[in-house]
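Quick note on numbering: the sequence shown equals residues 859 to 960 in our numbering.
By construction, the Cβ of each residue, glycine as well, lies at the ideal position given by its N, Cα and C atoms.
Note that the structure is a prediction, hence the values are computed from the model and not measured.
Read through the structure below, which is laid out as structure tokens, and then see the notes.
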Amino acid sequence: LVGGLVRDVLLEREAKDIDILIEGSHSDNPSAVLESFLRAFSQRVGGVIKFQTSYLTAKVFIGDYYVDVAHSRAEHYHSPGSLPEVVFSSIKTDLKRRDFTV
859 LVGGLVRDVL LEREAKDIDI LIEGSHSDNP SAVLESFLRA FSQRVGGVIK FQTSYLTAKV
919 FIGDYYVDVA HSRAEHYHSP GSLPEVVFSS IKTDLKRRDF TV
């Protein structure tokens, strides 16, 4: 679990969203790892998947709620305001780029 959910749990606030980060080995295809996890997870919870694989992210809709799922990644911005170039990374690298406000 990553993102705002971690902060909300630590601050004993109502959690409004769930963010899950997954990591595959460096020899794996990150999109395939993500898709495999999403199929298993959505079957388990009865959800519907919406992919955004160019960013190694997806949402699983469960009724009126959704879960954000992302593969560990690094981002590079060519210029301010540009869309990121997203590449596969380790979970350690991914966590370093996140904004922790706790």
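Local Cβ density within 10 Å of residue i, reported as buried at 16 or more and exposed below that
| i | result |
| --- | --- |
| H929 | buried |
| L869 | exposed |
| V867 | exposed |
| R871 | exposed |
| S912 | exposed |
| S947 | buried |
CA nearest to the CA of residue i, picked from the options
| i | options | result |
| --- | --- | --- |
| K917 | E933, L879, K954, E943 | L879 |
| G861 | P942, V925, S912 | V925 |
| D952 | I876, R931, V927, S940 | R931 |
| K950 | G882, G939, V927 | G882 |
| R877 | V927, K954, A898 | What sits at residue 877 in the sequence shown is Asp, not Arg. The shortest Cα separation from D877 among V927, K954, A898 belongs to V927. |
Contact with chain D by residue i, beta-carbon distance below 8 Å
| i | result |
| --- | --- |
| D877 | Going by chain labels, chain D is absent from the structure shown, which holds only one protein chain. |
Same chain, Cβ closer than 7 Å to residue i, neighbours up to 5 away in sequence not counted
| i | result |
| --- | --- |
| F963 | The structure shown does not extend to residue 963, since the chain is modelled only from 859 through 960, so no value can be given for it. |
| I920 | V903, G904, G905 |
| I907 | L896, S900, A916, V918 |
| V891 | I880, G882, H929 |
Nearest-angstrom Cβ-Cβ length linking residue i and residue j, presumed shorter than 8 Å
| i | j | result |
| --- | --- | --- |
| L914 | P888 | 6 Å |
Neighbourhood of residue i by C-beta, 8 Å cutoff - its chain only, sequence neighbours within 5 removed
| i | result |
| --- | --- |
| R833 | Only positions 859 to 960 of the chain appear in this structure, which leaves residue 833 out of reach. |
| A873 | G862, L863, D866, V867 |
| H936 | E943 |
DSSP beta-bridge partners of residue i
| i | result |
| --- | --- |
| K908 | K917 |
| E943 | H934 |
Own chain, CB closer than 6 Å to residue i, minus 5 neighbours either side, in chain order
| i | result |
| --- | --- |
| E933 | P942, V944 |
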